[in-house]
Amino acid sequence: MKKSGILNPALMHLLTSMGHTDYITVCDQGFPVPQEQTRVDLALVSGIPTVLDVLCAIAGEFIIDRVVITQEMREVSPGRVREIEALLPGILLETVSHLELKSLSRSGKGVVRTADTCPYANILVVSG
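Residues 10 to 137 in the working numbering are what the sequence shown lists, from first letter to last.
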């Protein structure tokens, strides 16, 4: 039995299936997950876990090339941007529109749904 790190088998499978420059979406509870996408639903109750919780767990097990955030997050939730920057010093934060991120999520390896309630908390995590 695994004793530390990510214990969710579906999330571990998704991460270990990724190659260089593949990406996953880590989204809030309201994000419209595309039907055709692999979905790992980690939502427990509203607010638990957050996108930041999941990103922290992923960062402990995974080589991250960059994280894609939205311009809307920068404008509406700047505190969350600062938290991501503090968690991932030296990792590039690329910025796109919320609509572009939703479109890009269709081409990723999968979507990890959280119960985050922070506005525009959705991110793409790109494999290094």
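Heads up, the beta-carbon is just placed ideally off N, CA and C, and yes, glycines get one too.
Helix, strand or coil at residue i [DSSP, three-state]
i, result
"Ser136", "strand"
"Glu81", "helix"
"Asp62", "helix"
"Thr25", "helix"
"Glu103", "strand"
"Arg115", "coil"
"Ile57", "strand"
Residue nearest to residue i in terms of C-alpha spacing, selected from the options
i, options, result
"Leu23", "Thr126, Gln46, Gly99, Leu102", "Gln46"
"Leu53", "Ala124, Ser26, Arg83, Ile132", "Ala124"
"Lys111", "Gly88, Gly99, Gln80, Gly137", "Gln80"
"Leu101", "Thr126, Ile73, Leu108, Gly119", "Ile73"
"Val105", "Phe71, Leu113, Gly28", "Leu113"
"Glu92", "Met10, Cys127, Pro43", "Cys127"
"Ile67", "Arg115, Glu109, Met27", "Met27"
Contact belief for residue i with residue j at Cβ below 8 Å, rounded distance in angstroms
i, j, result
"Arg75", "Val121", "The Cβ separation is near 17 Å, so there is no contact."
"Val85", "Leu64", "Rounded, the Cβ-Cβ distance is 18 Å, inconsistent with contact."
"Val49", "Leu20", "5 Å"
Residue i versus residue j: straight-line alpha-carbon distance, rounded
i, j, result
"Ser214", "Asp62", "Since the first residue of the chain shown is 10 and the last is 137, residue 214 is not available in this structure."
"Pro41", "Ser13", "31 Å"
"Asn17", "Pro43", "21 Å"
"Glu109", "Arg83", "15 Å"
"Glu103", "Gly39", "22 Å"
"Lys11", "Glu94", "29 Å"
Proximity below 9 Å, CB of residue i to CB of residue j
i, j, result
"Ile33", "Gly69", "no"
"Thr59", "Ala130", "yes"
"Lys118", "Asp37", "no"
"Leu133", "Val77", "yes"
"Gly99", "His29", "no"
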